[in-house]
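Residue numbers (my numbering): 70 to 537.
Each residue gets a CB set at the ideal place from its N, CA and C atoms; glycine is no exception.
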Ligand SMILES: Nc1ncnc2c1ncn2[C@@H]1O[C@H](COP(=O)(O)OP(=O)(O)O)[C@@H](O)[C@H]1O
Ligand SMILES: O=C(CO)[C@@H](O)[C@H](O)[C@H](O)[C@H](O)COP(=O)(O)O
């Protein structure tokens, strides 16, 4: 009987892995590695894709960091990850097992992520009306599949299965011919009715959508299967949970009481609280609303302001500085990818920003727009000769990130919903004190309290401990 539960989070920027002691749920080991898997497209298109092979090789490296003797004693595995995105693979040949110890990708596509902007408002308006309460946005799996159907149908012919990156990992571990998906990830694809837990199969097939690519829906907290092989020492036949959303798993880890809200800032950002038991979402999307209702566990829902512009805005700023430094021939420009090379740049930015009292400078960091306002872009206002130091700009950027989020879900609204405190998590929030300080200010009068790191990985491991 194994003693540990393995939790894995396949995030947009990094992979996190954690081993929880099954009895105490204490963290026995925990690692994180940046994936640096973004596919660089120099054509200026708004696509956002990641290299599946690099994500999986980073996952292998990250798991291999965990102590082998503990991996030999893993009894269950849980996987969460970035929602909304889609990748495609060939049934039966989606991966290659190496020495019965780990797998590498074989017949897969790249991952089209939630940051993908290929579906214009015009394109989205040409899609059928879903029978679901969540509106379909660019970067949602079903919208991306529609885009391929209409623009590159031959691309789809190469594949027989589709899922999120976390579904892919689970499918390969369990040797599944089909993809199984929980409502967490299915809702994030669009055209999924969370009340009936069913895809809008009829609506989609009438529009020519390849419904054969729709995964089979299984309950959140249920089993997807068992490992088909030893994996980094974890014995074959170990139960694996059906993949969950990283957002719900970070909440599962942090939220201790129904009066807690959770602020998570990783690559993206979410501010969320639990809806009272018995809440059911409206039948159709609430047009232009910045708040959506995502399925949680059992029949519960989370109200969430999900911003597309979180730690990625900070990372873009770091990348911009880094490339300017290179252009200027200045030593010390980091990698600009959010990886380890940039750490000293992040540290400097935090130190100059913390020493800087707030000014009138206003940075609106909505580079990717928001789902309820897709045309929105970033801007800078109130620039004056005296407020353009690095400290001023960094502080204004941090302020802009949290102000954008609290404009979607203000602290007063949280208070009215019965929230008494906010728990802060996610790497961008926990590793950047200037961002933390601005978040504390923006959430007043509610207190912001710190949660631990590797939140979604811990959360998915806890779900597996509690429910599998
Ligand atoms: N060295 C660093 N110091 C501080 N913050 C960092 C550093 N590297 C990355 N970040 C921030 O962390 C964010 C990514 O957080 P992470 O939890 O890895 O994201 P995800 O869960 O989406 O994979 C980046 O967008 C950036 O804002
Ligand atoms: O829209 C939502 C949830 O409603 C999303 O933000 C969701 O959490 C996605 O998984 C993220 O966008 C990606 O997560 P992360 O890599 O930024 O942590």
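Asked                                                                                                                        : Found
Backbone CA spacing between residue 436 and residue 298 [nearest angstrom]                                                   : 43 Å
Element boundaries [beta strand (DSSP E), containing residue 60]                                                             : Because the chain spans 70 through 537 in this model, residue 60 falls outside it and cannot be assessed.
Span of the beta strand (DSSP E), counted from its first residue to its last, around residue 376                             : 370 to 376
Around ligand 1, Cβ to any heavy atom closer than 6 Å, ordered along the chain                                               : 80, 81, 82, 83, 335, 336, 380, 381, 383, 384, 407, 411, 412, 415, 495, 496, 497, 500 and 501
Residue 224 burial status per 10 Å Cβ neighbour count (16 or more: buried)                                                   : exposed
Per DSSP, the bridge partner or partners of residue 425                                                                      : For residue 425, which the question treats as bridged, DSSP gives no partner whatsoever.
Length of the line joining the Cα atoms of residue 281 and residue 211                                                       : 12 Å
Cβ-Cβ distance between residue 434 and residue 466 below 7 Å                                                                 : yes
Nearest residue (CA-CA) to residue 538, options 526, 471 and 485                                                             : Any answer about residue 538 is impossible in this case: the structure gives the chain only from 70 up to 537.
Residue closest to residue 319, alpha-carbon to alpha-carbon, out of 396, 149 and 387                                        : 149
Entirely enclosed beta strand (DSSP E) segments - the segment 415 to 491, minimum 3 residues                                 : 431 to 433 and 448 to 450
Residue 389 in three-state terms, based on DSSP                                                                              : helix
Nearest to residue 476 (by Cα), restricted to the options 457, 360 and 529                                                   : 360
DSSP-derived helix/strand/coil call for residue 196                                                                          : coil
Straight-line Cα distance separating residue 239 from residue 160                                                            : 13 Å
Spatial neighbours of residue 209 in its chain, beta-carbon cut-off 6 Å, leaving aside the 5 residues before and after       : 153, 258 and 259
Endpoints, alpha helix (DSSP H) assigned at residue 317                                                                      : 315 to 323
When 446, 134, 484 and 444 are compared against residue 329, the one with the closest alpha-carbon                           : 484
The segment 240 to 259 touching the segment 287 to 298, judged by at least three CB pairs closer than 8 Å                    : yes
Neighbourhood of residue 341 by C-beta distance below 7 Å, restricted to the same chain and skipping five residues each side : 320, 330, 331, 371, 372 and 373
Residue of 417, 388, 356 and 316 minimising C-alpha distance to residue 366                                                  : 316
Reference residue 422; option with closest CA among 413, 529, 453 and 462                                                    : 462
Residue 518: first and last residue of the uninterrupted alpha helix (DSSP H) it sits in                                     : Not the alpha helix (DSSP H): residue 518 falls in the beta strand (DSSP E), residues 517 to 519.
Rounded separation between residue 120 and residue 270 - CA only                                                             : 30 Å
Cutoff 7 Å; reference residue 382; Cβ partners in own chain excluding five residues on either side                           : 434, 436, 466 and 470
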